[in-house]
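Structure first, commentary second.
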Amino acid sequence: MTSTTSPLPAQQPSFSRSSLRLNSSLARNRWNQFFTVVAAVFAVMAVLPLVLVLGYVLVKGGTLLSIRLLTELPPPPGLDGGGIGNAIIGTIVVTLVASLIAIPVGVGGGIYLAEYSRSGWFAQFVRFGTNVLSGVPSIICGVFIYGLIVSTRLFFGQSYSAMAGGVALSVLMLPTVIKTTDEALKLVPQELRWGAIGIGASRFVTITRITLPAAFTPIATGVVLGIARAAGETAPLIFTALFSPFWAEGLFNPIATMSVLIFNFAIMPYEAQIALAWAASFVLVVMILAANLFARWLARFARA
Amino acid sequence: MTTSMPSSSHAHAASSEFCMELENVGISYGSNEAVRGVYMQIPHGKVTAFIGPSGCGKSTVLRALNRMNDLIEGCTLKGRVIFDGQDLYAPQVDPVEVRRRIGMVFQKPNPFPKSIYENIAFGARINGYRGDMDELVERSLRKAAIWDETKDKLKESGYALSGGQQQRLCIARAIAIEPEVILMDEPCSALDPISTLKIEEMMHELKKSYTIVIVTHNMQQAVRVSDMTGFFNVTPKADGDGKVGCLEEFAATETIFNAPTQQATQDYVSGRFG
């Protein structure tokens, strides 16, 4: 109010007035263009590995796709033909075991963190531990389960087994499942809980009938992503599920999985095995891609 | 300053006369005292309104009446809240049972992400209702004056309704479990005037069968719907800095708005303050 604002400035203007036309030779405009190009180049480099891996696996392995590939056993070294049927079943079995362990434990842990704990030291400790666990290299999970289950012959005196592989993968899945459950439940509006409790619902009924259904989609998305990640792991399975050239013989015997089959066959000096490794890579990539697409499809319900 | 005793101070009148009685209630969040020294007798079958400026603790007191404050970490209550001859905060009282007999409607409409029908049936089912569910749903929706708008779309999601309809659905949901008292925490603050009017009309109907306690920021609403009014105020603490809420005056609505005994009440209801 006190400063005078005269419409005609008496002194020289502090800034020079230039034309409104774009002058591309100006330093700022040239830098602008330069950094746009740099950013675009890096963006292309970032997606390049994905496109190349997918393309390469598709070309190398996709051509081998056939019914025989999906239903037959791998051939003995030196012979041609055969398939990866046992490894496909093995991957499904081991992932199923892992899911049966990780989903109840993980969802239960997430429910505790989000609904029951009052963010005391124990909950903080569990959250921190979950973050640390998600950063533990998968090979260390494998060695841990090897020491815990395989070398001690914990399950009926068996050493390597599908069960041990499943437990190792469940350790890898656990942090994802706990974290997504925790986050998903925190996103459920508090009013919804009040509403249920305000009409005389107990805490248990509120969680099982109102909050969990409301958070179902994000939890399911997280679980599917966890499964997809676990299904592709190799390192923890080498120590635990080992490998088998035969059909699966129950949960307590070594079992073939696709990731270990790729690891074993890709370095063999036989053409047939190398071809099967490529084919298995293709099938595995497609399965994981499908799981990710399924998760995205689930996530669409959250917004709907 | 602690509150002066309410003007109509029947010391321990026959308990049948009153639905709920508050005796020297003080509520704190952690070490922060929100409200103190509340004495109040809420009559049966009447609408009791709580008015007052923001932060005076009226919602806090309302939530104490059915132990919703239990859900807030660090919230503690001193004094006694007596309902049906029983102190609600006695250690042997089950808060779930309290909330079944004293229902609550919240500020923001919060229907469950279920169908309209299920929104009503959910509460009845978890409370062990053994009767004709269709009949109960219809009766509850009729009482909440929303039956005509929803009877053709009971299977649709509760979210498909407008805000005002959602709030009436929430009231129907609260009625469905046949509580004795319905607590309403600013039920119309998120609604347009027409929806507000519908809910107010409904409250006149409801008080024939229920005791209603309502928190409102709208003084005209308090005048329109309530029989008794409690005016809450914030006062500086006598023993140091900080402020604390208290019940300034509790009397018949007419008295509060026309001839209050306290100067602060007079200032507030005439719009000179708050």
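From first to last, the protein sequence lines stand for chains W and H. Convert by adding 265 to the 1-based position in the first sequence; the result is the number in my numbering. Convert by adding 10 to the 1-based position in the second sequence; the result is the number in my numbering. The C-beta atom is built at its ideal place from N, Cα and C for all residues, glycine as well.
- Task: Identify every residue that forms a DSSP beta bridge with H:Y39.
- Result: H:N42, H:C85
- In chain W, which residues lie with their C-beta within 7 Å of the C-beta of H:V106? G465, S467
- Measuring CB to CB, does W:G347 end up less than 8 Å from W:A537? yes
- Message: For H:G173 and W:V436, what's the separation of their Cα atoms in angstroms?
- Response: 45 Å
- Query: Would a check of beta-carbon distances place W:W578 closer than 8 Å to chain H?
  - Reply: Any question about residue 578 of chain W goes unanswered here, given that chain W covers just 266 to 569.
- Query: Between the region 444-462 of chain W and chain C, which residues of the former have a C-beta closer than 9 Å to a C-beta of the latter?
  - Reply: Reference to chain C is not applicable here, since the protein chains of this structure are W and H.
- Item | Beta-carbon proximity list for W:I472, same chain, < 7 Å, skipping 5 on both sides | I376, E380
- Taking H:M212 as the reference, which of H:W157, H:D94, H:V91 has the closest Cα? H:W157
- Message: Please list the terminal residues of the continuous alpha helix (DSSP H) segment that includes H:K218.
- Response: Here H:K218 belongs to no alpha helix (DSSP H), and DSSP marks it neither H nor E.
- Query: Straight-line CA distance for W:L554 to W:Q423?
  - Reply: 34 Å
- Query: What is the rounded straight-line gap between the Cα of W:P256 and the Cα of W:V551?
  - Reply: Outside the displayed span of chain W (266 to 569) sits residue 256 of chain W, for which this structure offers no information.
- Item | Three-way DSSP call (helix, strand, coil) for H:C256 in this model | strand
- Query: Does DSSP put W:I357 in a helix, in a strand, or in coil?
  - Reply: helix
- Item | Where H:N129 falls: helix, strand or coil (DSSP) | helix
- Task: Classify W:Y377 as helix, strand or coil using the three-state DSSP reduction.
- Result: helix
- Task: Show which residues of chain W have a CB atom less than 9 Å away from the CB atom of H:P123.
- Result: L457, I475, P478, A479
- Per the contact definition of three or more C-beta pairs closer than 8 Å, is the region 142-158 of chain H in contact with the region 498-518 of chain W? no
- Simplified DSSP state of W:L507, which is helix, strand or coil: coil
- Measure how close the beta-carbons of W:V470 and H:I92 come, nearest whole angstrom, since I'm counting them as under 8 Å. The pair is not a contact, with the Cβ atoms about 28 Å apart (cut-off 8 Å).
- Message: Just to confirm, is the Cβ distance from W:A427 to W:A449 under 8 Å?
- Response: no
- DSSP bridge partner residues for H:I92 (one or two, in chain order): H:E31, H:D97
- Message: Please identify the residue among H:T58, H:V115, H:L32, H:N243 whose C-alpha is closest to the C-alpha of H:A262.
- Response: H:T58
- Item | Identity of the residues DSSP links to H:D195 by a beta bridge | H:V225
- Message: Just checking: is the beta-carbon of W:R392 within a distance shorter than 8 Å of some beta-carbon in chain H?
- Response: no
- Item | chain W contacts made by the region 175-188 of chain H, where a contact means CB separation under 9 Å | C180, R183, A184, A186, I187
- Task: Quick one: grab the DSSP three-state call for H:F60.
- Result: strand
- Close Cβ partners of H:M229 (< 7 Å) along its chain, the five nearest in sequence each way excluded: I61, V279
- Message: So, does the region 429-446 of chain W touch the region 482-498 of chain W, judging by three or more C-beta pairs under 8 Å?
- Response: yes
- Query: Going by beta carbon distance, what residues of the same chain come within less than 6 Å of H:Q117, once the five residues before and after it are set aside?
  - Reply: D195, E196, S199
- Item | Chain-ordered neighbours of H:M78 on chain W, where CB pairs are closer than 8 Å | W459, I462, G463
- Going by DSSP, which residues form a beta bridge with H:A261? H:T239
- Query: Counting Cβ pairs, one atom from each stretch, are 3 or more of them under 8 Å apart for the region 521-541 of chain W and the region 344-363 of chain W?
  - Reply: yes
- Item | CA-to-CA distance, H:L146 to H:A21, given in whole angstroms | Its pLDDT being 40, under 50, H:A21 is placed unreliably in this model, and the value from its coordinates should be taken loosely. Whole-angstrom Cα-Cα distance: 40 Å.
- Query: What are the start and end residues of the alpha helix (DSSP H) that includes H:V115?
  - Reply: Counting along the chain, H:V115 falls outside any alpha helix (DSSP H), though it belongs to the beta strand (DSSP E) covering 112-115.
- Message: I want to see whether chain H comes within less than 8 Å of W:R383, judged by CB atoms only; does it?
- Response: yes
- Query: Bridge partners of H:M50, per DSSP?
  - Reply: H:L32
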